[in-house]
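Chains as they are written, first to last, in the numbering used here: chain L, 2 to 116; chain X, 3 to 116.
Glycine residues also receive a C-beta, built at the ideal position from the N, C-alpha and C atoms.
The structure appears below as structure tokens.
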């Protein structure tokens, strides 16, 4: 069974640009959650989707958005990039309706560098 | 607001010894605590989950305890090996309103020396 797949793995953008990251969950998993990981703040929750609906959202500005498609694949978008958005963006899928249902399966992440 | 802290940023131990990592939380009693392992440049990998009504969980060389009085979880790796070197994250799920919220500690980097 294939794991969680995130693309791209690495990307470099400049301030003011926007970026879209993609996540394909494990087959059969309908819940996808996104996290930002930085050395200073650790792993921080961005948002969570189940059946194409956003179920929960973390404390991030509106520049961070996401969506989920009918095949459970998810994308997140960051607009008007800032230097502080440089981070590892992780996607996780789970069997069930969300992060509250237990084990999360993480992808390898998308490493974003903003110059 | 709920906070979670992993007391040590780094822990160095000798091969064969038991590594003990600490996770403390404030405010709400979590529904459960999870522990993950993360290797450099990789995503976290789930290790163990312990619920609020459980005192201890074991899996092979791993053991997790949960003390709701101390608001603390301890994660033990017995007979540690250099291959156990990684960053270990604890995460807790708590309910604020109807939504479950999962928050992570910043991790403890474990180095096991041969």
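- The contact set of residue 91 of chain L on chain X, defined by CB atoms closer than 8 Å, consists of 45, 46 in chain order.
- Among the residues of chain L, none has a CB under 7 Å from the CB of residue 59 of chain X; the nearest is roughly 13 Å distant.
- Straight-line spacing of the CA atoms in residue 55 of chain X and residue 37 of chain L works out to 30 Å.
- When C-beta distances to chain L are compared with 9 Å, the residues of the segment 74-108 of chain X below that value are 91, 93, 95, 97, 101, 102, 103, 104, 105, 106, 107, 108, in chain order.
- Counting of Cβ neighbours within 10 angstroms places residue 95 of chain X among the buried residues, the total reaching 16 or more.
- Membership of residue 96 of chain X in the beta strand (DSSP E) is indicated by the continuous run 88-98.
- Exclusion of the five residues before and after residue 110 of chain L leaves 7, 89, 90, 91 as the residues of its chain whose Cβ lies within less than 7 Å of its Cβ.
- Residue X:87 holds the alpha-carbon nearest to the alpha-carbon of residue 17 of chain X among X:58, X:87, X:69.
- In chain order, 103, 104 make up the part of chain L whose C-beta sits under 8 Å from the C-beta of residue 51 of chain X.
- Scanning its chain for C-beta atoms nearer than 7 Å, with the 5 sequence neighbours on each side dropped, one finds around residue 105 of chain X the residues 4, 6, 93, 94, in chain order.
- About 16 Å separates the CB atoms of residue 13 of chain L and residue 81 of chain L; that is not less than 8 Å, and the two are not in contact.
- Look at residue 50 of chain X here: in three-state DSSP terms it is strand.
- Cβ-Cβ separation between residue 63 of chain X and residue 81 of chain X: approximately 6 Å, consistent with a contact (criterion under 8 Å).
- Around residue 39 of chain L, the same chain offers 88 as residues with beta carbons nearer than 7 Å, after the five sequence neighbours per side are excluded.
- As computed with DSSP, residue 70 of chain L is found in no beta bridge at all.
- DSSP links residue 93 of chain L through a beta bridge to L:34, L:107.
- Counting other Cβ atoms within 10 Å of its Cβ, residue 90 of chain X reaches 16 or more and is therefore classed as buried.
- Counting along the chain, residue 13 of chain L sits inside the beta strand (DSSP E) bounded by residues 11-14.
- For residue 28 of chain L, the closest of L:116, L:112, L:96 by C-alpha to C-alpha distance is L:96.
- About 17 Å separates the CB atoms of residue 10 of chain L and residue 74 of chain L; that is not less than 8 Å, and the two are not in contact.
- If the five residues before and after residue 94 of chain L are omitted, its C-beta is found closer than 7 Å to the C-beta atoms of 5, 26, 27, 30, 32, 33, 106, all from its own chain and listed in chain order.
- Closest in C-alpha terms to residue 15 of chain X, from the list X:30, X:103, X:102, X:83, comes X:83.
- Straight-line measurement puts the Cα of residue 97 of chain X at about 6 Å from the Cα of residue 103 of chain X.
- For residue 38 of chain X, at least one C-beta of chain L is nearer than 9 Å to its own C-beta.
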